[in-house]
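Undergrad:
Protein chains: 2
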Amino acid sequence: MKILLATLALTIACNMLSAQVSRVDVQGSYQRPNIILFLVDDMGWMDTSQPFGDSVMPLNKRFHTPNMERMAKEGLLFHQAYANPVCTPTRTTLISGMSAARTHITNWTSITPNQATDYKDDQLEAPHWNVSGFSNAAEPNTYLCKMPLPQLLKDAGYFTIHVGKAHWGSLGTQGSDPTNLGFVVNIAGSSLGHPQSYYGEQNFGNMPGKTTFNAVPDLQAFYGKETFLTQALTQKAMAAMQYPIDNHQPFFLYLGHYAVHLPIQPDKRFLDKYLAAGLDSTEANYATLIEGMDESLGQIMQFLKEKGIEKNTVVIFMSDNGGLANAGRGGVRNTQNAPLRAGKGSPYEGGVRIPMMVKWPGVVPAGVQTNNYVSAEDFFPTVLDIAGIKSTGAVDGSSYLPVMKNPAVKIKDRPLLFHYPNRWTTNEDEGYAWSSGMRFGKWKIIYLMKQQKLELYNLEEDLGEKHDLSLSNPEQLTALARMWTFVLKQRGAQMPVWKNTGKSVAWPDELIK
Amino acid sequence: MKILLATLALTIACNMLSAQVSRVDVQGSYQRPNIILFLVDDMGWMDTSQPFGDSVMPLNKRFHTPNMERMAKEGLLFHQAYANPVCTPTRTTLISGMSAARTHITNWTSITPNQATDYKDDQLEAPHWNVSGFSNAAEPNTYLCKMPLPQLLKDAGYFTIHVGKAHWGSLGTQGSDPTNLGFVVNIAGSSLGHPQSYYGEQNFGNMPGKTTFNAVPDLQAFYGKETFLTQALTQKAMAAMQYPIDNHQPFFLYLGHYAVHLPIQPDKRFLDKYLAAGLDSTEANYATLIEGMDESLGQIMQFLKEKGIEKNTVVIFMSDNGGLANAGRGGVRNTQNAPLRAGKGSPYEGGVRIPMMVKWPGVVPAGVQTNNYVSAEDFFPTVLDIAGIKSTGAVDGSSYLPVMKNPAVKIKDRPLLFHYPNRWTTNEDEGYAWSSGMRFGKWKIIYLMKQQKLELYNLEEDLGEKHDLSLSNPEQLTALARMWTFVLKQRGAQMPVWKNTGKSVAWPDELIK
Numbered sequence: 034m035k036i037l038l039a040t041l042a043l044t045i046a047c048n049m050l051s052a053q054v055s056r057v058d059v060q061g062s063y064q065r066p067n068i069i070l071f072l073v074d075d076m077g078w079m080d081t082s083q084p085f086g087d088s089v090m091p092l093n094k095r096f097h098t099p100n101m102e103r104m105a106k107e108g109l110l111f112h113q114a115y116a117n118p119v120c121t122p123t124r125t126t127l128i129s130g131m132s133a134a135r136t137h138i139t140n141w142t143s144i145t146p147n148q149a150t151d152y153k154d155d156q157l158e159a160p161h162w163n164v165s166g167f168s169n170a171a172e173p174n175t176y177l178c179k180m181p182l183p184q185l186l187k188d189a190g191y192f193t194i195h196v197g198k199a200h201w202g203s204l205g206t207q208g209s210d211p212t213n214l215g216f217v218v219n220i221a222g223s224s225l226g227h228p229q230s231y232y233g234e235q236n237f238g239n240m241p242g243k244t245t246f247n248a249v250p251d252l253q254a255f256y257g258k259e260t261f262l263t264q265a266l267t268q269k270a271m272a273a274m275q276y277p278i279d280n281h282q283p284f285f286l287y288l289g290h291y292a293v294h295l296p297i298q299p300d301k302r303f304l305d306k307y308l309a310a311g312l313d314s315t316e317a318n319y320a321t322l323i324e325g326m327d328e329s330l331g332q333i334m335q336f337l338k339e340k341g342i343e344k345n346t347v348v349i350f351m352s353d354n355g356g357l358a359n360a361g362r363g364g365v366r367n368t369q370n371a372p373l374r375a376g377k378g379s380p381y382e383g384g385v386r387i388p389m390m391v392k393w394p395g396v397v398p399a400g401v402q403t404n405n406y407v408s409a410e411d412f413f414p415t416v417l418d419i420a421g422i423k424s425t426g427a428v429d430g431s432s433y434l435p436v437m438k439n440p441a442v443k444i445k446d447r448p449l450l451f452h453y454p455n456r457w458t459t460n461e462d463e464g465y466a467w468s469s470g471m472r473f474g475k476w477k478i479i480y481l482m483k484q485q486k487l488e489l490y491n492l493e494e495d496l497g498e499k500h501d502l503s504l505s506n507p508e509q510l511t512a513l514a515r516m517w518t519f520v521l522k523q524r525g526a527q528m529p530v531w532k533n534t535g536k537s538v539a540w541p542d543e544l545i546k
Numbered sequence: 034m035k036i037l038l039a040t041l042a043l044t045i046a047c048n049m050l051s052a053q054v055s056r057v058d059v060q061g062s063y064q065r066p067n068i069i070l071f072l073v074d075d076m077g078w079m080d081t082s083q084p085f086g087d088s089v090m091p092l093n094k095r096f097h098t099p100n101m102e103r104m105a106k107e108g109l110l111f112h113q114a115y116a117n118p119v120c121t122p123t124r125t126t127l128i129s130g131m132s133a134a135r136t137h138i139t140n141w142t143s144i145t146p147n148q149a150t151d152y153k154d155d156q157l158e159a160p161h162w163n164v165s166g167f168s169n170a171a172e173p174n175t176y177l178c179k180m181p182l183p184q185l186l187k188d189a190g191y192f193t194i195h196v197g198k199a200h201w202g203s204l205g206t207q208g209s210d211p212t213n214l215g216f217v218v219n220i221a222g223s224s225l226g227h228p229q230s231y232y233g234e235q236n237f238g239n240m241p242g243k244t245t246f247n248a249v250p251d252l253q254a255f256y257g258k259e260t261f262l263t264q265a266l267t268q269k270a271m272a273a274m275q276y277p278i279d280n281h282q283p284f285f286l287y288l289g290h291y292a293v294h295l296p297i298q299p300d301k302r303f304l305d306k307y308l309a310a311g312l313d314s315t316e317a318n319y320a321t322l323i324e325g326m327d328e329s330l331g332q333i334m335q336f337l338k339e340k341g342i343e344k345n346t347v348v349i350f351m352s353d354n355g356g357l358a359n360a361g362r363g364g365v366r367n368t369q370n371a372p373l374r375a376g377k378g379s380p381y382e383g384g385v386r387i388p389m390m391v392k393w394p395g396v397v398p399a400g401v402q403t404n405n406y407v408s409a410e411d412f413f414p415t416v417l418d419i420a421g422i423k424s425t426g427a428v429d430g431s432s433y434l435p436v437m438k439n440p441a442v443k444i445k446d447r448p449l450l451f452h453y454p455n456r457w458t459t460n461e462d463e464g465y466a467w468s469s470g471m472r473f474g475k476w477k478i479i480y481l482m483k484q485q486k487l488e489l490y491n492l493e494e495d496l497g498e499k500h501d502l503s504l505s506n507p508e509q510l511t512a513l514a515r516m517w518t519f520v521l522k523q524r525g526a527q528m529p530v531w532k533n534t535g536k537s538v539a540w541p542d543e544l545i546k
């Protein structure tokens, strides 16, 4: 009975928002706005001087992101936006509308096809996830999606531009080339998950004899020049937007910055002040990647203004997962997203909570903030909603356009999944291996599979997930575990397998005594 | 007086054709056709089963190009079309409308900027030519062209697509990126002049540790697959055309095949029959490159038919210079373009006469051939003419659209230049170093600078340029040398410099006693 109730509540919650959304027929007279998805790689919730929490916290004083501050003043800031713990699952969710639990792209994809990126483990084996990523053709080890977001937008008359990091599928798959997924123009997007080099002086990695698969393509005009990758991409993005602007055509720009992913190479223009502030060299370098990305945001906003299209352009700012807080960063491990716990690769807040804002002058109120929680799954239906396109097929999220138009709208509680049945790194602490998470209302439930342990946190009172309430709140734990299991099964989620028995790891509700 | 007369005749000849062309205002109701420039690299005049001479010659029996035969049946074939002796000069002429003598891009451009590709010589020094190629920005060692052909077409409403080899400028210059020159979409075009590999199995050269600057970009979806480069480019070209087709927009497709340039790697699907025919392995491999290119032509024509746009699409087939007949080919040196003399790199007919056809059902008569001689300079004004765009600024050629519409039209005689004041290879015979050439009427005049020698040929009677008439026709030689010098100077042509004196090599007319 309890299961039934929870299920019912869930179903209602899931349908609630969709019902509120008044979609606009694409054939109608609706003037479709341009849409820019400004996606930062590996940027943490705290990596900015613009607070995304309810107060200025210590890390906010470390970074300089004046353009993010400006965007927050001119748009709507989401305190509680979420992505997946790592990048490919978020990126494939963004253009499919489907949860990683459903696409079975639960880990990042290798550049080379048919090659799992999971770390080996003595006890657990990863499920047969789609290791080659996302494709628009039936190909081995890929998730087949015939109607990705850019394809829908293009078919509806949008001029679709991809600039920067794609990372949707491995080399040799259709998904490795953004033009196969509905982008008319692709610049610098392929299978690579990070750049070989951020430096024009190093041709972004294209150095005969030293070139790896991570060398960034298509930026040959900047070779040998002192142009940082973030700047090169920004310039190419602005040049590419000129065509639809000249042709009075609505455009969709997916600007996926390679920044601020490893390698943490400094943008030297910004370095001195961070060193002077006492940061260790890695963190100072990291801060320059952040500031260079912020500069790009400012230039894009300025470009829209100069072209006279600011009012008819929606800018969505987001990151693809939490900030790196494991190996690779400076400072003390697992402090880089403080007060959030852990970081990229983990279902704890540090791994999944992302900086997120939207700006649409005249439609979205300026300088407003919302506590509505949204997930990576919500961007697909939202973008379609903005474009006035009726989506066909199932999507796992809901449009947050009503909140954009009226921030007083309260999105009904619904479960958000952070399902990661893989081992990301050698480290196994802090949810970095074999983990899953769900947010529902104020609650966050974590499943550490190897330990066969459920944890329960009240995020309203415990943002840092320090106080596990699973023992003191057994009824809540039970209800959430059942809802969670239902949603995981509904989406066809995979679980790892115990090597000694060959059996799948238990579902969350099976852990309830 | 003689000089004056020649000059006058020349000026009249140059203006004659332009005056005949009835241009259509782009603002008018003219339905602009799609334009496809199908450009083959290094394909010789004889590298086809479709004769471009007046009879079937021995080499025509070597090759299998059924789609070229079909195109000849459906369009207009030019017996006497010309390009420059090497590729970059032709390619930069195609998109600038200007003679290589004027742009000072007289040799092929290096991938790395500011690096001349000329071979050193004891006696002569190359002039300061634009070694970094063509650019839309003022950059060192480049020819500045603000209004290249794709830019003009784009500005007039054409959707401009570049697929394949560009080779307009060195890495690090604006000209290295086709999107800077007016192409909305660029696939696989950069500074490289030949592919590192034709094989998808070798990722077209993109193999970490082995990747050179010649690795072909943007074809990642074919990596590891048995897709030959020519096929990959054809598939990408067809996919790219779909966007303007869906949007009822006229398009310009510049499909620059990397084939049939070195490396002569066999397309194994076609190899057996050429080996069985007794060709040596290099020539058999070469024949497969030709046949693969021909297959592409057939697929493009079939695509146009299937999409219902055959009648509104102009296809122009051409090569960028004569066939390679120097080192690198199989067989006996300098026989590969027989009966034409020499090959790529030389101003003799084998180096500059190219296979050329146009097809435009309903406008261009089918199965017709013309003896009108045309040059690389004529394509720019012709394409603009087809698109109904009034060209501003000087161009060195004239539109041959009148001939396309009515092959009975006779283009007035005018001088065509093949100016090559550089040393291409170690070989110095057959015009492969320090040479220049001019065609006027039936006459061909050759200048071998190091030898300080002029040669004169009557192409009507001596297609193979075997009988030098310079001694027996001194008056004709004098008149042509004067006209030639006038045109060279008018276009600002450069000459090499004698190392021992520091003086420029004499102009052709200075050789006349």
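Residue numbers (this note's numbering), protein chains in the order written: chain Z, 34 to 546; chain E, 34 to 546. Beta carbons: idealized from backbone N, C-alpha and C, even for Gly.
(1) Since residue 237/E and residue 249/E should fall inside the 8 Å C-beta cutoff, what is the C-beta to C-beta distance between them, to a whole number of angstroms?
(2) List the whole-angstrom C-beta distance separating residue 529/E from residue 107/E, where the pair is believed to meet the contact cut-off of C-beta under 8 Å.
(3) In its own chain, which residues sit with a C-beta less than 6 Å from the C-beta of residue 514/E, not counting the 5 before and 5 after it?
(4) What residue ranges within the region 470-498 of chain Z form continuous beta strand (DSSP E) runs of no fewer than 3 residues, ordered along the chain?
(5) So, are the CB atoms of residue 244/Z and residue 244/E less than 7 Å apart?
(6) Whole angstroms are fine: how far does the CA of residue 442/Z sit from the CA of residue 547/Z?
(7) Kindly list the residues whose CB is nearer than 6 Å to the CB of residue 70/E, restricted to its own chain and excluding five residues on each side of it in sequence; keep chain order.
(8) Verify whether the separation of the beta carbon atoms of residue 74/Z and residue 256/Z is less than 7 Å.
(9) Anything in chain Z within Cβ reach of residue 256/E, meaning under 7 Å, just list it in chain order.
(10) According to DSSP, what are the bridge partners of residue 158/Z?
(11) Counting contacts by CB-CB distance shorter than 7 Å, is residue 245/E in contact with chain Z?
(12) For residue 230/E, which residues in chain Z fall below 7 Å Cβ to Cβ?
(13) Compute the Euclidean distance between the alpha carbons of residue 329/Z and residue 267/Z, then round it to the nearest angstrom.
(14) Checking contacts by CB at 7 Å: is residue 276/Z closer than that to chain E?
(15) Less than 7 Å between CB atoms is the rule here; does residue 33/Z satisfy it with respect to chain E?
(16) For the region 163-205 of chain E, list the alpha helix (DSSP H) runs that are entirely contained and at least 4 residues long, ordered along the chain.
(17) What first and last residue would you give for the alpha helix (DSSP H) that runs through residue 100/Z?
(18) Apply the 10 Å Cβ neighbour rule to residue 311/Z and answer buried if 16 or more other Cβ atoms are within range, or exposed otherwise.
(19) Would residue 436/E count as contacting chain Z if we go by Cβ distances under 7 Å?
(20) What is the DSSP secondary structure of residue 438/E, reduced to helix, strand or coil?
(21) From which residue to which residue does the beta strand (DSSP E) around residue 289/E run?
(22) So residue 278/E packs on residue 220/E, CB below 8 Å; how close in whole Å?
(23) Once DSSP output is grouped into helix, strand and coil, what is the label at residue 61/E?
(24) Quick one: give me the first and last residue of the alpha helix (DSSP H) that residue 269/Z is part of.
(25) What separation, rounded to the nearest whole angstrom, lies between the Cα atoms of residue 534/E and residue 448/E?
(26) Given this structure, state the Cα-to-Cα distance separating residue 440/E from residue 334/Z, to the nearest angstrom.
(27) Go to residue 318/Z, then tell me how far its alpha helix (DSSP H) extends in each direction, as first and last residue.
(28) Kindly indicate the opening and closing residues of the beta strand (DSSP E) around residue 148/E.
(29) Please report the distance separating the alpha-carbon of residue 326/Z from that of residue 205/E.
(30) So the alpha helix (DSSP H) residue 392/Z belongs to, where does it begin and stop?
(31) From the DSSP output, in three-state form, read off residue 246/Z for me.
(32) Roughly how far, in whole angstroms, is the beta-carbon of residue 66/Z from the beta-carbon of residue 393/Z, given that I think they are within contact range, below 8 Å?
(33) Examine chain E for any beta-carbon lying closer than 7 Å to the beta-carbon of residue 396/Z, and answer yes or no.
(34) Express the C-alpha separation of residue 116/Z and residue 490/Z in angstroms, rounding to a whole number.
(35) If we ignore side chains and look at the alpha-carbon of each, how far apart do residue 433/E and residue 415/E end up?
TA: On the basis of the supplied data:
(1) 4 Å
(2) Going by Cβ atoms, the distance from residue 529/E to residue 107/E rounds to 45 Å, so no, they are not a contact pair.
(3) 541, 542, 545
(4) 476-481, 486-491
(5) yes
(6) The displayed coordinates of chain Z run from 34 to 546. Any statement about residue 547/Z would go beyond what the structure contains.
(7) 287, 349
(8) no
(9) 204, 205
(10) 530/Z
(11) yes
(12) Those within 7 Å of residue 230/E in chain Z number zero; the least Cβ separation is about 14 Å.
(13) 6 Å
(14) yes
(15) There is simply no residue 33/Z to check, as chain Z begins at 34 and stops at 546 in what is shown.
(16) 182-188
(17) 99-107
(18) exposed
(19) no
(20) helix
(21) 284-289
(22) With 8 Å as the limit, residue 278/E and residue 220/E do not qualify as a contact, their Cβ atoms being about 16 Å apart.
(23) Only weak support is given to the placement of residue 61/E: the predicted model assigns it a pLDDT of 46, under 50, and the value that follows is read from those uncertain coordinates. Coil, per DSSP.
(24) 262-279
(25) 31 Å
(26) 55 Å
(27) 314-339
(28) Element bounds for residue 148/E: n/a, residue is neither H nor E.
(29) 23 Å
(30) Note, residue 392/Z: premise wrong, no alpha helix (DSSP H); beta strand (DSSP E) at 386-392.
(31) coil
(32) 7 Å
(33) no
(34) 18 Å
(35) 6 Å
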